[in-house]
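Chemist: Numbering-wise (numbering that gives the first Met the number 0), the sequence shown opens with residue 0 and increments by one. Using N, Cα and C, we set each Cβ at its ideal position, and we do this for glycine too. This structure is a prediction, so every number in the text was calculated from the model and none was measured. For reference, the structure I am asking about is given below.
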Amino acid sequence: MQKTLSLYDTTIGKKAIVAVTGLILYGFVIQHMVGNLQVFLGPEKFNGYAAALKSIPALVWSVRLILLVSVVLHVVATLSLVSQSAAAREVGYRARNYKTTSYAALTMKYGGPALALFILYHLAHFTFPGVPMGHYEHSHTDVYSNFIHGFSVPWVTAIYIAAQVFLGLHLYHGSWSLFQTLGISHPRFENVKRILPQALGIGVAAGNIIMPLAVLAGVIR
Ligand code: HEM
């Protein structure tokens, strides 16, 4: 009895960690997209925004630390939940039935690692060390120029677009799971539970896709 209760508590605790860190990362992703959309307002506005963000180092490093801790906890708690539920199945599935394996679980399983790889690539591209993706010099002050040059290369834009599809699906299924973790099951919230995850997933993916596409199409240059 004692054991069952503590295992149960641990599971809830891990789910809470995944939910809280997921919410923090969600907030960052939405803020990041809205901030980046200022690229449509031209180089002065965009570089001004980037400079303003970096003007308070203590704030920058606090946010970076919070993001890093959130990503690590999000991944570790998720992996732990996955291995816990696998271990709880005393005998593994004899044959996997992909028709009944939830499509959501599959996109989370492959989408999560794909997103982690994308974030590493993205940081190397724009932040550290700032690898030029094309024939230009990376600038630590002219973020607009990095943006335009980087996304003028079709394969770079293709990687970003593919990653945003994974991100959209991850946000969609993630917010759906969040409602489950929070135990929001009242029929009154049925529409919110159905529409909000879709709107957020599609909205963030579309907002992020439109920027590299606009560069590639020559709408912003
Ligand atoms: C098409 C989509 C995206 C675009 C155009 C974009 C653009 C950028 C740019 C230009 C920077 C450098 C900012 C600067 O040097 O001032 C940056 C940094 C960053 N991006 Fe993105 N980003 C995108 C998607 C994402 C996503 C999906 C994530 C995370 C899930 C993300 C996480 C970050 C992080 C963590 C940084 C580093 C911030 C720092 O310096 O502390 N980005 N992004």
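Who are the near neighbours of PRO196 in its chain, counting only those whose CB is closer than 6 Å to its CB and skipping five residues on each side?
Modeler: The residue given as residue 196 occupies position 197 in the sequence shown. Closer than 6 Å at Cβ, skipping near neighbours: TYR171, SER174, TRP175.
Chemist: Does DSSP put VAL28 in a helix, in a strand, or in coil?
Modeler: On the sequence shown, residue 28 is found 29 positions in, with the first residue counted as 1. Correct three-state label for VAL28: helix.
Chemist: Quick one: grab the DSSP three-state call for THR99.
Modeler: Taking the first residue of the sequence shown as position 1, residue 99 is located at position 100. With a pLDDT of 42 at THR99, under the threshold of 50, the modelled position of this residue cannot be trusted, and the question is left open.
Chemist: Measuring CB atoms only, is the segment 143-151 touching the segment 201-215, in the sense that at least three cross pairs come out at less than 8 Å?
Modeler: Contact holds: three or more Cβ-Cβ distances are below 8 Å.
Chemist: For a test of the three-state rule: what should DSSP assign to HIS169, helix, strand or coil?
Modeler: Position 170 of the sequence shown, counting from 1, holds the residue named residue 169. The answer is helix: DSSP assigns HIS169 an H, G or I state.
Chemist: Can you check whether the CB of LEU168 is closer than 8 Å to the CB of GLY200?
Modeler: Counting from one through the sequence shown, the residue named residue 200 turns up at place 201. Counting from one through the sequence shown, the residue named residue 168 turns up at place 169. Contact flag set, yes.
Chemist: Suppose contacts are defined by Cβ-Cβ distances below 8 Å. Is ASN46 in contact with VAL130 by that definition?
Modeler: Mapped onto the sequence shown, residue 46 falls at position 47. Mapped onto the sequence shown, residue 130 falls at position 131. Going by C-beta atoms, ASN46 is not nearer than 8 Å to VAL130.
Chemist: Is it right to say SER69 is buried, meaning 16 or more other beta carbons lie within 10 angstroms of its own, or is it exposed?
Modeler: Here residue 69 refers to the residue found at position 70 of the sequence shown. So SER69 counts as buried.
Chemist: Spell out a yes or no on whether the segment 9-23 and the segment 75-88 are touching, meaning 3 or more CB-CB pairs, one atom from each, closer than 8 Å.
Modeler: Verdict: yes, contact present.
Chemist: Between the Cα of LEU114 and those of GLY41, VAL164, PRO186, spot the shortest distance and give me the residue it belongs to.
Modeler: By 1-based counting over the sequence shown, the position of residue 114 is 115. Of the listed residues, the one whose Cα sits closest to LEU114 is VAL164.
Chemist: The ligand HEM and VAL28: does any heavy atom of the ligand fall closer than 7 Å to the residue's C-beta?
Modeler: Locating residue 28 in the sequence shown gives position 29, counting from the first residue. Within the cutoff, so yes.
Chemist: Is ARG220 near the ligand HEM - that is, is its Cβ less than 7 Å away from at least one heavy atom of it?
Modeler: As a working note, residue 220 is residue 221 in the sequence shown. False, no ligand heavy atom lies under 7 Å from that Cβ.
Chemist: DSSP on ALA79, reduced to helix/strand/coil?
Modeler: Along the sequence shown, one-based indexing puts residue 79 at 80. Per the sequence shown, the amino acid found at residue 79 is Ser instead of Ala. Three-state result, SER79: helix.
Chemist: In the DSSP assignment, find the alpha helix (DSSP H) that holds PHE146 and state where it starts and stops.
Modeler: Locating residue 146 in the sequence shown gives position 147, where the first residue counts as 1. 142-150 is the extent of the alpha helix (DSSP H) around PHE146.
Chemist: To the nearest whole angstrom, what separates the beta carbons of TYR225 and ILE158, a pair I think is in contact under 8 Å?
Modeler: In the structure as shown, the chain starts at 0 and stops at 220, and residue 225 therefore has no counterpart that could be examined.
Chemist: Between ALA49 and VAL203, what straight-line distance do the alpha-carbon atoms span, to the nearest angstrom?
Modeler: On the sequence shown, position 50 is the one that residue 49 refers to. On the sequence shown, position 204 is the one that residue 203 refers to. Approximately 20 Å, taken between the alpha carbons.
Chemist: Quick check: the Cα distance between GLN37 and HIS139, rounded to an integer number of angstroms?
Modeler: Position 38 of the sequence shown, counted from the first residue, corresponds to residue 37. Position 140 of the sequence shown, counted from the first residue, corresponds to residue 139. Answer to the nearest angstrom: the Cα atoms are 18 Å apart.
Chemist: In whole angstroms, what separates the C-alpha of TYR135 from that of ASN145?
Modeler: Translated into positions along the sequence shown, residue 135 becomes position 136. Translated into positions along the sequence shown, residue 145 becomes position 146. C-alpha separation (whole angstroms): 8 Å.
Chemist: Where do the ends of the alpha helix (DSSP H) carrying PHE236 lie?
Modeler: Because the chain spans 0 through 220 in this model, residue 236 falls outside it and cannot be assessed.
Chemist: Give me the Cα-Cα distance between ILE209 and LEU122, rounded to the nearest whole angstrom.
Modeler: The residue labelled residue 209 in the question sits at position 210 within the sequence shown. The residue labelled residue 122 in the question sits at position 123 within the sequence shown. Answer to the nearest angstrom: the Cα atoms are 20 Å apart.
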